[in-house]
Amino acid sequence: MPNKNFNSENLELKDTLEINFTLNSVKRSVKVPCTYTLLDILRYELKFTGTKEGCGMGECGACTVIMDGGVTPACLVLATTLEGRDIWTIEGISAKDDAKPIIDAFVARTATQCGFCTPGMVVASYHLLSKYVSPTDDQILEALSGNLCRCTGYVKIIEAVKAAARDLNTVKKEGRDA
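So in my numbering, the last spot in the sequence shown is 272, and the numbers never skip.
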C-alpha cells in the first residue's frame, strides 16, 4: 500500500528521520534511525512491547498491527514509510470496549498456551470481526493465516473467534456497547 504522503523531492540522505503518525488514536512524533522498522519504533522507542518480535520476515504474525485499516506485520514496515499513517497495536485495541469479547473468548477457551502469538492473533481477530459480523470458517482461517502458533493447534483459537463473533452480535442486538 503506497504512502500518499511520501514526496521524493524532499528526500535527503540522513542517519535519522523525524516521523509523524497516529498510534492508537494519539498523534506521535519520533526521531529514529532510518534503518528502523515500525516494530523497532514500537518496542525500542515507544516501549509498546505487546507487539512481539518473532521471525523478522513477516511470516509469523507475532508483530501484527493494523495500519491504515489493514493488518500488516510491523517488522516489514520501514520507518521511512510511516509519515501520516494510522496504526493500532494490541495495547490500543485491547483498551477498546469492542475488543473485550475477543479477549474474553480467548481466555475462556484457553486459546493461548505460551501466549507469544496471542497479541497478533487478537489483532487479526479484531480486524476480521470489524469487517464481518458472522465470519465463515474460511474467512476466519484466511484472517489468521498470517499468524503462526506452535502450541495450540489453532482449534481453540478458531473457537474463540467464533465465540467472540457470537458475543459481539449479542451485545449489538441488545443495544449495549461491547
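Even glycine gets a Cβ: it sits at the ideal position worked out from N, Cα and C. These numbers come from a predicted model, not from an experiment.
For residue i, the first and last residue of its enclosing beta strand (DSSP E)
i: G164; result: 164-167
i: M151; result: It is not in any beta strand (DSSP E) - M151 carries neither H nor E in the DSSP assignment.
i: P127; result: 120-127
Identity of the residue in the options nearest residue i by Cα
i: L238; options: Y226, I251, K141; result: I251
i: T166; options: A173, T174, A199, G152; result: G152
i: V255; options: S219, T206, V120, T116; result: S219
i: G186; options: L262, G209, L136; result: L136
i: D180; options: V201, K121, T129, K190; result: K121
i: E253; options: C243, T175, A202, V171; result: A202
Counted within 10 angstroms of its Cβ, other Cβ atoms place residue i as buried (16 or more) or exposed
i: N259; result: In the sequence as displayed, the identity of residue 259 is Ala instead of Asn. Classification of A259: buried, given that the 10 Å Cβ count is 16 or more.
i: T246; result: buried
i: V249; result: exposed
i: L132; result: buried
N- and C-terminal bounds of the alpha helix (DSSP H) containing residue i
i: K225; result: 212-225
i: L238; result: 231-238
i: I197; result: 194-202
i: I184; result: 184-188
Beta carbon of residue i nearer than 8 Å to that of residue j
i: T145; j: A173; result: no
**Request:** Check whether the region 148-160 touches the region 210-220, counting contact only when three or more Cβ pairs, one atom from each stretch, lie closer than 8 Å.
**Result:** yes
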